[in-house]
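Participant:
2 protein chains.
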Amino acid sequence: MKKIRVFIFGAGNVGSHLISAFGKHPDKVEITGVYNRTISKIKPLENKFYITGKTKNLPPADVYIMALKDDVLKDFSRETGDLPGLTVHTSGVMPADVLSQSRRGVFYPLQTFSPGREIDWKQVPILINARNKQDELLLKKLGSVLSGQVMSITDEQRAVLHVAAVFASNFSMFMYQIAEKITGEAGLPFDILKPLIAETAGKIRRMPPDDALTGPARRNDRKTIDEHLAYLQEHFPEYADIYKKISELIIKKYRS
Amino acid sequence: MKKIRVFIFGAGNVGSHLISAFGKHPDKVEITGVYNRTISKIKPLENKFYITGKTKNLPPADVYIMALKDDVLKDFSRETGDLPGLTVHTSGVMPADVLSQSRRGVFYPLQTFSPGREIDWKQVPILINARNKQDELLLKKLGSVLSGQVMSITDEQRAVLHVAAVFASNFSMFMYQIAEKITGEAGLPFDILKPLIAETAGKIRRMPPDDALTGPARRNDRKTIDEHLAYLQEHFPEYADIYKKISELIIKKYRS
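Order-wise, the sequence lines are chains A and B.
Quick note: the first sequence uses numbering that gives the first Met the number 0, first residue 0, plus one each step.
Quick note: the second sequence uses numbering that gives the first Met the number 0, first residue 0, plus one each step.
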């Protein structure tokens with residue numbers, strides 16, 4: 000198989016993870032360069048790749064990946080102008096057409112990336128689209144270098160999926176944050192909750208989430224709910240409302 | 000080491016898991032009997048253990064475990080009367096003193112139990128208390144048969160921990176449920192979110208939850224939040240309010 004040549008714009012969270020992930024497959028992918036507006040940030044990559052802070056005279060590539068913030072994509076893509084390859088962004092939100100390039104598409108890895116945390120890319124769904132079969136095939140090939148699950152979805156599907164991902168990931172993380180605060184207030188280490196969190200997430204690998212929910216709201220245990228609310232109102236008033244709202248939704252769901 | 004003799008009241012979720020867990024350590028624990036109000040439910044255990052549906056003339060045990068619903072504990076413990084061993088309940092909510100027995104305590108495994116799902120007991124924190132050192136030591140010994148983490152905490156700490164557990168487990172599961180509904184509405188399989196959920200929960204093993212949160216609210220990306228809200232108001236109005244509330248709390252937290 001011919002190597003796919005990739006140029007990456009942006010060394011933020013997603014960009015850095017892509018650089019490191021593709022870097023592990025030098026037999027299949029050649030990174031022809033990395034752009035970052037603040038070039039000092041990518042200085043450490045200099046020995047491995049061509050690096051630049053300019054949007055003109057870029058090296059050739061089959062796929063140009065713009066791993067940039069949503070709100071700069073439009074202007075940035077206009078600034079670079081047409082490119083001698085397929086240009087994609089990595090956003091879960093923006094339509095492909097935010098890009099001005101004639102050959103454009105999306106290469107969206109559905110995962111939560113944090114600096115310094117290794118990702119098992121084989122497990123990361125990569126959601127793609129492009130304007131023709133040939134470009135889609137190219138993205139499928141590129142995605143398959145990293146992942147076992149590359150899927151073609153529409154802009155609309157991706158936007159909806161992103162809402163789902165906010166609940167599944169960002170908001171569940173916020174629940175962990177609240178739990179951490181409360182645990183600390185009881186003078187207990189957060190570690191004590193980690194097996195519970197692991198098992199809760201582990202359950203849904205094999206059980207539908209609807210079957211896997213337990214706890215006072217599921218049992219419609221008003222006494223416990225009221226005690227919890229009284230505690231929160233005194234110690235964490237900012238979280239009492241959330242507790243109430245979510246409990247009500249759970250009660251309503253399992254009663255009907 | 001002398002075997003610890005255990006009698007278990009209740010073959011619900013927690014009770015069944017305890018029976019099966021202790022049953023794996025016949026060298027250390029002897030289950031002298033199992034009680035369930037509806038005796039037909041424990042009929043399948045008959046070949047292995049003494050079973051009963053009555054609260055009188057119970058076999059001897061070092062520890063009597065009442066794995067019963069919170070709201071029946073008080074009456075049930077009065078019904079059985081004093082027992083020739085240490086009596087404990089498994090509730091995350093109730094104080095030890097809900098029991099009427101003179102030797103009483105708590106044996107609370109901090110985990111979410113679902114029927115038919117195997118638990119890695121070594122990882123389950125077991126939170127105990129009793130009224131004297133000797134009984135506490137007995138519970139510590141019993142807990143250590145199953146778990147690597149047995150800890151003595153007060154009633155008050157346990158009650159607070161239970162609030163934390165509701166957020167960490169029940170509410171994060173509810174977030175998965177919402178995500179599942181939304182994903183389905185987009186015509187996509189829920190499977191697509193599972194690696195994200197696994198990674199989100201996996202992250203907190205090594206990162207503080209405060210550092211691990213990503214997404215539009217963390218970035219204070221109002222445009223995306225407004226788009227998500229517009230989508231929810233149209234398709235899942237019951238979840239729009241939760242989205243708004245949680246996003247506001249996240250924005251506030253990371254702004255300050």
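Where a beta carbon is used, it is the ideal one built from N, C-alpha and C, also for glycine.
Counting pairs of beta carbons, one from the segment 0-17 of chain B and one from the segment 61-74 of chain B, are three or more of them closer than 8 Å?
Facilitator: Verdict: yes, contact present.
Participant: Could you tell me which of Pro208(A), Glu247(A) and Met93(A) sits nearest to lysine 225(A), measuring between CA atoms?
Facilitator: First, the amino acid is wrong: residue 225(A) is aspartate here, not lysine. Ranking the options by Cα distance to aspartate 225(A), first place goes to Glu247(A).
Participant: According to DSSP, what are the bridge partners of tyrosine 34(B)?
Facilitator: According to DSSP, which records beta bridges pairwise, tyrosine 34(B) is partnered with Phe8(B) and Thr51(B).
Participant: Checking 8 Å against the spacing of the C-beta atoms, do glycine 84(B) and leucine 138(B) come in under that value?
Facilitator: Not in contact: glycine 84(B) and leucine 138(B) (Cβ atoms no closer than 8 Å).
Participant: Between Phe21(B), Phe48(B) and Gly22(B), which has its C-alpha nearest tyrosine 34(B)'s C-alpha?
Facilitator: Taking only the C-alpha atoms, the option nearest tyrosine 34(B) is Phe48(B).
Participant: Cβ atoms of isoleucine 250(A) and asparagine 219(A): under 8 Å apart, would you say?
Facilitator: A contact, by the Cβ cut-off of 8 Å.
Participant: At 4 residues or longer, what runs of the alpha helix (DSSP H) sit wholly inside the segment 219-245 of chain B?
Facilitator: If we require 4 residues or more, the alpha helix (DSSP H) runs fully inside the segment 219-245 of chain B come out as 221-234.
Participant: What's the call for proline 236(B), buried or exposed, on a 16-neighbour Cβ count within 10 Å?
Facilitator: It is exposed - the Cβ of proline 236(B) has fewer than 16 other Cβ atoms within 10 Å.
Participant: What first and last residue would you give for the beta strand (DSSP E) that runs through alanine 163(B)?
Facilitator: Here alanine 163(B) belongs to no beta strand (DSSP E); instead the alpha helix (DSSP H) covers 154-164.
Participant: Please name the residue in Ala229(B), His88(B) and Val5(B) whose C-alpha comes closest to that of aspartate 26(B).
Facilitator: If we check each option's Cα against that of aspartate 26(B), Val5(B) comes out closest.
Participant: Given a threshold of 16 other Cβ atoms within 10 Å of its Cβ, counted over all protein chains shown, does lysine 55(A) qualify as buried or as exposed?
Facilitator: So lysine 55(A) ends up on the exposed side.
Participant: Quick check on valine 62(A): does DSSP put it in helix, strand or coil?
Facilitator: In the structure shown, valine 62(A) sits in a strand (DSSP, three-state: E or B).
Participant: Using the Cα positions of lysine 68(A) and leucine 187(A), report the straight-line distance between them to the nearest angstrom.
Facilitator: Between lysine 68(A) and leucine 187(A), the C-alpha separation is close to 38 Å.
Participant: What does tyrosine 107(A) reach in chain B if we use C-beta pairs closer than 9 Å?
Facilitator: Within 9 Å Cβ-Cβ: nothing; tyrosine 107(A) doesn't reach chain B, min ~11 Å.
Participant: For the segment 161-189 of chain A, which residues have a CB atom closer than 7 Å to at least one CB atom of chain B, in sequence order?
Facilitator: The residues in question are Val162, Ala163, Ala164, Val165, Phe166, Ala167, Ser168, Asn169, Phe170, Ser171, Met172, Phe173, Met174, Tyr175, Gln176, Ile177, Ala178, Glu179, Ile181, Thr182, Glu184, Ala185, Gly186 and Leu187.
Participant: For tyrosine 107(A), which residues does DSSP report across the bridge?
Facilitator: Its beta-bridge partners are Leu126(A).
Participant: Relative to the alpha-carbon of alanine 10(A), which residue among Gly32(A), Pro207(A) and Glu233(A) has its alpha-carbon at the smallest distance?
Facilitator: The option with the nearest alpha carbon to alanine 10(A) is Gly32(A).
Participant: Suppose contacts are defined by Cβ-Cβ distances below 8 Å. Is isoleucine 191(A) in contact with proline 207(B) by that definition?
Facilitator: Their beta carbons are not under 8 Å apart, which means isoleucine 191(A) does not touch proline 207(B) by this criterion.
Participant: For valine 97(B), tell me which candidate among Thr153(B), Gln122(B), Val71(B) and Lys243(B) has the shortest Cα-Cα distance.
Facilitator: Checked all of Thr153(B), Gln122(B), Val71(B) and Lys243(B); the closest Cα to valine 97(B) is Val71(B).
Participant: Let me know if proline 108(B) comes out buried or exposed under the rule of 16 or more other beta-carbons within 10 Å of its beta-carbon.
Facilitator: Proline 108(B) should be labelled buried.
Participant: Cβ of aspartate 154(B) within 8 Å of Cβ of proline 94(B)?
Facilitator: It is a contact, given that the beta carbons lie within the stated cut-off.
Participant: Comparing alpha-carbon positions, which option in Tyr230(A), Ala185(A) and Gly115(A) lies nearest valine 13(A)?
Facilitator: Valine 13(A) has its Cα closest to that of Gly115(A), out of Tyr230(A), Ala185(A) and Gly115(A).
Participant: In whole angstroms, what is the alpha-carbon distance linking threonine 51(A) and threonine 89(A)?
Facilitator: The alpha-carbon atoms of threonine 51(A) and threonine 89(A) are separated by roughly 20 Å.
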